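Numbering (my numbering), first residue to last: -11 to 238. Where a beta carbon is used, it is the ideal one built from N, C-alpha and C, also for glycine. Every value quoted in this text rests on a predicted model; they were computed, and no experiment measured them. Written below as structure tokens is the structure these notes are about.
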């Protein structure tokens, strides 16, 4: 199109030159013929200038359009990238939410465990307090028992010493009694009564008294004395029987 415009300008210039030459010959007859080509040429030049402006504008617009297209393409690529990143963020968010929920569940379980342990600890502390109180009471009871035990031990020692002295004196008395009996210096009722008894046998007291010719009053005194001295006999007053539990050696 620009080539046609150039050709048109060239043709017009040639026509203008011809008209100038003709006007010099006959300027009175064709005055308008010279003016019109010049105007046309000016208009064509204006058109060419406008066209150049339009072409430059179009080029600028094309460049701007290309720039916009490039930006659009880049934006589309960015959008795709952002969508991928957003999808990744969504997945990460879901994973984080899952982990957060799991952590919340674990925290809940830990809290429940802590509450359970606290309750157990509280119960154990109460039980420990009960045991401490019980131990304190038992210690007091043990102290009282030990005190009583010491008193009882003292009493038993005193009783043992008395019994030991009694046994020693009793053995001496028995030995002396044996010597006297063997020499027939005595023939006591106690000796006769014990000799009438049998080890492990329950005998009727009345039969014994008849056998040794002893009054019941005398026998009861002997039995009372023997019981007071812890002699190895058992006397059943209701049945009137007496038992010698072990041998008495005279």
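For residue 71 and residue 102, I'd like the C-alpha separation in whole angstroms. For the purposes of this step, residue 71 is taken as residue 83 along the chain shown, with counting starting at 1. For the purposes of this step, residue 102 is taken as residue 114 along the chain shown, with counting starting at 1. When rounded, the distance between both Cα atoms is 45 Å.
If I'm right that residue 187 touches residue 234 with Cβ under 8 Å, what's the distance once you round it to whole angstroms? Locating residue 187 in the chain shown gives position 199, where the first residue counts as 1. Locating residue 234 in the chain shown gives position 246, where the first residue counts as 1. The Cβ separation is near 6 Å, so the contact holds.
How many angstroms separate the CA atom of residue 184 from the CA atom of residue 190? Indexing the chain shown from 1 puts residue 184 at position 196. Indexing the chain shown from 1 puts residue 190 at position 202. Cα-Cα distance, rounded: 12 Å.
CB-CB length for residue 178 against residue 210, believed under 8 Å: If you number the chain shown from 1, residue 178 lands on position 190. If you number the chain shown from 1, residue 210 lands on position 222. The pair is a contact, with the Cβ atoms about 6 Å apart (cut-off 8 Å).
As assigned by DSSP and simplified to three states, the class of residue 224: Position 236 of the chain shown, counting from 1, holds the residue named residue 224. Residue state, collapsed to three classes: strand.
Beta-bridge pairing of residue 231 - partner residues as DSSP gives them: Residue mapping note: residue 231 aligns to position 243 of the chain shown, counting from 1. 190 and 222.
If you draw a straight line from the C-alpha of residue 110 to the C-alpha of residue 80, how long is it? If you number the chain shown from 1, residue 110 lands on position 122. If you number the chain shown from 1, residue 80 lands on position 92. Approximately 43 Å, taken between the alpha carbons.
Are the beta-carbon atoms belonging to residue 194 and residue 228 less than 8 Å from one another? The residue you call residue 194 lines up with position 206 of the chain shown. The residue you call residue 228 lines up with position 240 of the chain shown. Result yes, Cβ atoms of residue 194 and residue 228 sit closer than 8 Å.
If you reduce the DSSP assignment to three classes, tell me which class residue 214 lands in. Taking the chain shown and counting its residues from 1, one reaches residue 214 at position 226. Residue 214: helix per DSSP, three-state reduction.
Residue 116, buried or exposed, once every other Cβ within 10 Å from all chains shown has been counted against 16: Stepping through the chain shown from its first residue, residue 116 is reached at position 128. Residue 116 comes out exposed.
Compute the distance between the beta-carbons of residue 207 and residue 215, then report whether it is under 8 Å. As a working mapping, residue 207 is identified with position 219 in the chain shown. As a working mapping, residue 215 is identified with position 227 in the chain shown. No, the Cβ-Cβ distance between residue 207 and residue 215 is not below 8 Å.
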